[in-house]
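Under our numbering, the first residue of the sequence shown carries the number 128, and numbering increases by one thereafter.
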Amino acid sequence: MRILVIGAGSVGQRHIRNLRTLRPGVTVVTVDPDVPADYRDYGTALEAGRYDAAIIASPTDWHMGHMMGLSLPEWRVSFLVEKPLSARDYTPSTAVSMAAGLRCAVGFQWRYHPVVTAMREMWERNRLLKFTASQNMIVKYGLTCLETIGSHVIDLALWVLGPALEVDMTTDGRTASGTITHEHGESNYQLDMTKDPRISYVVSGADAVSLPPDNQMYVDELADFLTYVETGIRPARLATLADGLAVQGVMNQCKTVS
């Protein structure tokens with residue numbers, strides 16, 4: 128198997144390690160420029176050979192361009208793109224449309240966390256999920272609380288509670304808070320990317336579960352993506368580009384406050 132990985136930061140490196148665990152004979156070609164603007168040179172790697180699939184782990188601002196490039200008729204490479212599909216206030220529907228017919232997915236790994244079953248049971252009892260998360264990531268990611276922390280849990284809420292009917296959320300880039308009314312309940316958020324220690328948990332009524340870091344969820348998601356690429360059968364937990372657009376739509380409705 129031959130895989131192109133665009134971006135070899137912490138998430139890209141994790142995917143590379145997991146690829147080699149899942150497919151020991153895999154050939155990995157990595158594009159990871161020192162200057163972010165040079166991500167346009169991933170086309171050189173594409174010209175060097177055909178790929179079974181690609182992983183887009185570049186900075187968020189580049190996701191849309193990389194999705195479009197991989198979707199071009201001369202390449203037509205299926206891909207796993209890290210979340211979110213693009214920066215807030217943009218909706219990359221053109222890129223998604225171009226990828227029609229490819230076997231693509233979005234990296235919402237939290238669907239694979241071992242506590243998801245317990246979270247669903249909490250929702251069945253209370254029809255409400257409250258997500259609380261914090262981690263000091265301002266220096267690394269800038270003022271991107273919704274993109275960095277929020278996109279994970281918004282996808283979980285949409286997956287469990289159904290489509291968003293109303294969004295009442297605000298963000299100043301450092302934090303994000305508010306409520307989403309879903310087809311089958313409500314989700315509430317208190318997110319903060321300015322402070323440690325790292326905290327991530329879900330509360331519903333008197334019930335609560337923690338969401339500690341877990342590499343196995345990345346492994347399981349990647350295994351499902353490779354299965355999809357190889358067989359054309361998409362495992363149910365694997366997030367689609369349409370799922371990514373749904374999260375993007377919620378993010379775009381969040382109000383910005385100073």
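By construction, the Cβ of each residue, glycine as well, lies at the ideal position given by its N, Cα and C atoms. Keep in mind the model is a prediction, meaning the values are calculated, not measured.
Own chain residues within Cβ distance below 7 Å of residue 179, not counting five before or after: Its chain contains 128, 129, 130, 356 as the residues whose beta carbon lies nearer than 7 Å to that of residue 179, once the 5 sequence neighbours on both sides are disregarded; these appear in chain order.
Coil, strand or helix - residue 218 by DSSP: The answer is coil: DSSP assigns residue 218 none of H, G, I, E or B.
Exposed or buried, what is residue 70 when buried is set at 16 or more other beta-carbons lying within 10 Å of its beta-carbon? Nothing about residue 70 can be read from this structure; the chain reaches only from 128 to 385.
Express the C-alpha separation of residue 266 and residue 155 in angstroms, rounding to a whole number. The straight-line gap from Cα to Cα measures roughly 29 Å.
Quick check: residue 101 and residue 182, are their CB atoms within less than 8 Å of each other? Any property of residue 101 remains undetermined from this structure, which presents the chain solely from 128 to 385.
Every unbroken alpha helix (DSSP H) within the stretch 158 to 196, with a cutoff of 4 residues, ordered by chain: Taking only runs of at least 4 residues, the alpha helix (DSSP H) segments lying wholly in the stretch 158 to 196 are 169 to 174.
To test your reading of the DSSP string, which unbroken beta strand (DSSP E) runs of 3 or more residues are found completely within the stretch 271 to 357? DSSP runs (the beta strand (DSSP E)) wholly in the stretch 271 to 357: 291 to 298, 302 to 309, 312 to 319, 326 to 331, 334 to 337.
With a 10 Å radius around its C-beta and 16 neighbouring C-beta atoms as the bar for buried, classify residue 360 as buried or exposed. Exposed, since its Cβ has fewer than 16 Cβ neighbours within 10 Å.
Rounded to whole angstroms, how far is the Cβ of residue 298 from the Cβ of residue 338, which I believe are closer than 8 Å? That belief does not hold up - the Cβ atoms of residue 298 and residue 338 are roughly 20 Å apart, past 8 Å.
What are the start and end residues of the alpha helix (DSSP H) that includes residue 360? Segment: none, residue 360 is in no alpha helix (DSSP H) and carries neither H nor E.
So, at 6 Å on beta carbons, what are the nonlocal neighbours of residue 222 in its own chain, with the 5 sequence-adjacent residues on each side left out? These residues qualify, in order along the chain: 191, 194, 195.
Checking 8 Å against the spacing of the C-beta atoms, do residue 252 and residue 287 come in under that value? Not a contact, by the Cβ cut-off of 8 Å.
Less than 8 Å between the beta carbons of residue 289 and residue 313, yes or no? In this structure, residue 289 lies away from residue 313, with their beta-carbon atoms at least 8 Å apart.
With a CB to CB cut of under 6 Å and the five nearest residues on each side skipped, what residues in its chain are close to residue 351? 362, 365, listed in sequence order.
Put residue 244 into one of helix, strand or coil per three-state DSSP. Three-state result, residue 244: helix.
Simplified DSSP assignment, three categories, for residue 209: Strand, per DSSP.
According to DSSP, what are the bridge partners of residue 259? Bridge partners of residue 259: 317, 328.
Closest to residue 294 by C-alpha separation, out of 230, 242, 316, would be which residue? Of the candidates 230, 242, 316, the one whose C-alpha sits nearest the C-alpha of residue 294 is 316.
One question on the structure: do residue 203 and residue 173 come within less than 8 Å of each other, judged by their Cβ atoms? With a cutoff of 8 Å on beta-carbon distance, residue 203 and residue 173 are scored as not near each other.
What does a CB cutoff of less than 6 Å around residue 150 pick up in its chain, not counting 5 residues either side in sequence? Hits under 6 Å: 128.
In three-state terms, what does DSSP make of residue 131? In the structure shown, residue 131 sits in a strand (DSSP, three-state: E or B).
Span of the beta strand (DSSP E) holding residue 233? The continuous beta strand (DSSP E) containing residue 233 extends over residues 232 to 234.
According to the Cβ coordinates, are residue 259 and residue 320 closer than 8 Å? In this structure, residue 320 does not lie closer than 8 Å to residue 259 by Cβ.
CA-CA distance, residue 304 and residue 234? If you take the alpha carbons of residue 304 and residue 234, they lie about 23 Å apart.
I'd like to check one pair, residue 302 with residue 285: are the Cβ atoms closer than 8 Å? Their beta carbons are not under 8 Å apart, which means residue 285 does not touch residue 302 by this criterion.
If we call anything under 8 Å between Cβ atoms a contact, is residue 147 one with residue 345? It is not a contact, given that the beta carbons lie outside the stated cut-off.
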